[in-house]
Every structure is written in structure tokens, then in C-alpha cells.
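As numbered in our numbering, the sequence shown has no gaps in its residue numbers, which increase by one up to the final residue, 393. Glycine is no exception: its CB is placed at the ideal position from the N, C-alpha and C atoms. In what follows, a single structure is set out as C-alpha cells and then discussed.
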Amino acid sequence: RDGVLITAVTLPRRPKWYDETTGSGQPMSRIAVMQGTYLAVYPGRVCHFWTTHPRSSCHFCSTGLNVGTIESADKSVQDVLETVRAARRENNITYVHFNTGYMQGGELEFLTPFVREVKKKTGLMAGVQTTPAPDLRDYDRLARLGVNNVSFCFELWDRERLAEVCPGKSAEIGQERYLEAIRYCRRLFPAVNGEIIAGLEPPEKTIEGIRWITRHGAQPTVCVFRPCLGTDYEDLPPPDADALVPVFREQYEACIRNGVPIGIAPNIKVSLVVLPEEGRYLATDQSAAFRLKEWRNQAIKTAFRAYFNFQLSRQK
78 RDGVLITAVT
88 LPRRPKWYDE
98 TTGSGQPMSR
108 IAVMQGTYLA
118 VYPGRVCHFW
128 TTHPRSSCHF
138 CSTGLNVGTI
148 ESADKSVQDV
158 LETVRAARRE
168 NNITYVHFNT
178 GYMQGGELEF
188 LTPFVREVKK
198 KTGLMAGVQT
208 TPAPDLRDYD
218 RLARLGVNNV
228 SFCFELWDRE
238 RLAEVCPGKS
248 AEIGQERYLE
258 AIRYCRRLFP
268 AVNGEIIAGL
278 EPPEKTIEGI
288 RWITRHGAQP
298 TVCVFRPCLG
308 TDYEDLPPPD
318 ADALVPVFRE
328 QYEACIRNGV
338 PIGIAPNIKV
348 SLVVLPEEGR
358 YLATDQSAAF
368 RLKEWRNQAI
378 KTAFRAYFNF
388 QLSRQK
């Protein structure tokens, strides 16, 4: 920065399994992709908001540009399982993330066969990210499958700004439904995430959202807005990095203050969002009480990793 080297950056190499095919002939690179060190799977059709007239998708979203082109829109459970196993062999993945767009209900039912098979056959951690289910009791069934994490992208804390940026999501679902789902799921799953975008609303609004998420025992994940080619917001500038420092500081400190476990799962480094534990370098709270809570988090992390490795060894 300004001619001064801050840190070295190493880009991950392209996985060899990207050039392999499944038993049905599908290129594995069209079944799932590496996002950092975990595997991301989008099994379903394009989000409903991309199909409305006029289109009501989130203005920053590129999903409708990818599904059916870069990614296959027709993925079988067996295709996904074979791809997960290939990623496990080469990349030593520990976590598989299943995601869908809005399907007007039925998202969890659609994902269940994929999640069930991956959990049963691999023992890897699995997460699910969808719009909130119409009947929150559906999450009880998802928890019984052994899902480790559910996440909810309510995008922005400022509701007026949400209506501008995400017209379909705001009108048909509404922010309150997301918050209700977070509260409900917190008692069911080991980890629940509320995902929010930094850079499309004032930083203080994003911080308000982070504080709500952590007060309810969930983890905040922050995605920094980046203008993607082909989207409605492709010409908007990305946010100033310095302006977001307080956001990432609060993301970490709020988790520690509220006793929300972070950084617990092994080998998860994410390419698209900033994880709470990555803000520890920005923390300014040096009180004894805060440090004690950090030590507690580290103890939970050590214990869980030993347990997870033991469970995986039983799968072999």
C-alpha cells in the first residue's frame, strides 16, 4: 500500500478435480466450486427473483448469470457426492455448504436428499443457506440430519435501503422473517450465521446489525460489496477499506463479548466473506474479562477439533 509491502499473498492453485467428470458425465467444476478451503454447492434452479417481470433480484447479485452457464442447473445427488469425495481427497475439505436462491418455499425439502447423503457417506460438516422456510418447524427436521450450520443472508440492516437494493427479498420475505428464523434456529444448531453486506449502507448500520446478531447468539459474517460484471451494480465503486475497519473490529469483539464461539471448525478459510475471527487483529479491548473470554473460545476450538478428527477417523 502506497508502495509499502503489507503482506505476501499466495493464490490457491486450481484443483485437479475441476477437470474430472462424474459417473454421469458432468464436469465436476459445474457441480461445485471451492470457495476458499470449503466446498460450495448450489444444486437448485436460479433464484425466483431473477425470473419475475420486471426482475426483482438483488441488484448486486450475479447468481442468475451463473446458474445454467458456468454452473450446471441439473445436479444429481450422486454427482454432488462424487464431487465432494474428490474435493476431500485433494483439498482435504472439512465443510460442504449448500445454497439455493428463493424457490417460493420448499428450499429445505429440495436440499434434504443432498445433505442427507453427504452427511451419511462422508461425515463432513454441512451447512445450509436458504431464504427462511415458511414453516420454521422444518428446521427441526434439518437438525436431525446432523446439519452443523444454517445461515441467513438478510443483506442489510437498514430496512429502507434493503427495499432499494433487494426489492424482491424485501417485499416477499422481509427482514423480520430472517431475524425470526435466526432466533428459532439458534436453539437447534451448533452454529447459526447472519450474513450482512458492508459497503451498501453506512458502516454504523452494519455495526447495528452485527450487534443484533451476536446478542442472539449467532455469528455475523460480513461480505464486502464488490461490483460484479453483468449485475445492476457493476458500475458502483467498492467501499473504502479504512471505513470498514470499525465494522470488522466490532464483528470480532461483539462475538467475544457475547460468548459466541468463532473459528471453531477446522480448515475453513472463506474467499467471499470476512469471518469474525479474522477481525482479532483489529481488536482494541484488552481488558482481563475480554481476554478470559478469548481463552474460553480457544479452549472450545481445541476440544471441537479433537472431537471432529475422531469422528472422521470412524468414517474411514
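Beta-carbon separation of residue i and residue j under 8 Å?
i: Val-242; j: Thr-199; result: no
i: Asn-226; j: Asn-270; result: yes
i: Leu-265; j: Cys-300; result: no
i: Arg-334; j: Gly-294; result: no
i: Arg-260; j: Leu-201; result: no
i: Ala-179; j: Cys-124; result: For the record, residue 179 in the displayed sequence is Tyr; it is not Ala. Closer than 8 Å, so yes.
i: Gln-252; j: Pro-297; result: no
i: Glu-278; j: Asp-235; result: yes
i: Phe-367; j: Phe-137; result: no
i: Leu-407; j: Pro-120; result: Nothing can be reported for residue 407: it is not among the residues displayed for the chain, which extend from 78 to 393.
Return the first residue and the last residue of the alpha helix (DSSP H) that residue i is part of.
i: Gly-394; result: Here the chain has residues from 78 to 393 only, and residue 394 is not among them.
i: Thr-199; result: 184-199
i: Val-154; result: 154-168
i: Tyr-358; result: Premise fails: Tyr-358 is in no alpha helix (DSSP H) and is neither H nor E.
i: Thr-140; result: 140-143
i: Cys-262; result: 252-262
i: Lys-295; result: Per the sequence presented here, residue 295 reads as Ala, with Lys not at that position. No alpha helix (DSSP H) contains Ala-295, which DSSP labels as neither H nor E.
For residue i, count the other beta carbons within 10 Å of its own beta carbon; 16 or more makes it buried, fewer makes it exposed. Which is it?
i: Ser-228; result: buried
i: Val-318; result: Reading off the sequence, residue 318 comes out as Ala, not Val. The residue is exposed, with fewer than 16 neighbouring Cβ atoms inside 10 Å.
i: Arg-292; result: exposed
i: Arg-107; result: buried
i: Ser-390; result: exposed
i: Glu-330; result: buried
i: Tyr-358; result: exposed
i: Gln-155; result: exposed
i: Glu-354; result: buried
i: Val-86; result: exposed
Can you tell which of the options has the C-alpha that lies nearest to the C-alpha of residue i?
i: Glu-249; options: Ile-341, Phe-137, Arg-263, Pro-209; result: Pro-209
i: Cys-332; options: Tyr-310, Lys-370, Thr-361; result: Lys-370
i: Gly-245; options: Arg-326, Gln-206, Ser-133; result: Ser-133
i: Phe-385; options: Ala-295, Asn-143, Pro-343; result: Pro-343
i: Ile-345; options: Thr-379, Tyr-115, Cys-135; result: Tyr-115
i: Val-351; options: Thr-379, Pro-315, Ala-275, Glu-281; result: Ala-275
i: Glu-237; options: Ala-203, Thr-84, Gly-102, Lys-282; result: Lys-282
Can you look up residue i in the DSSP assignment and give me helix, strand or coil?
i: Tyr-115; result: strand
i: Gly-204; result: strand
i: His-395; result: There is simply no residue 395 to check, as the chain begins at 78 and stops at 393 in what is shown.
i: Val-242; result: helix
i: Cys-300; result: strand
i: Tyr-384; result: helix
i: Tyr-172; result: strand
Residue range of the beta strand (DSSP E) that residue i falls in?
i: Pro-444; result: What the structure shows of the chain is the stretch from 78 to 393, and residue 444 is not part of that stretch, so it cannot be assessed.
i: Ala-109; result: No beta strand (DSSP E) contains Ala-109, which DSSP labels as neither H nor E.
Is there a C-beta anywhere in chain C that falls below 8 Å from the one on residue i?
i: Pro-280; result: Annotation note: the requested chain C is absent from the structure, which comprises a single protein chain.
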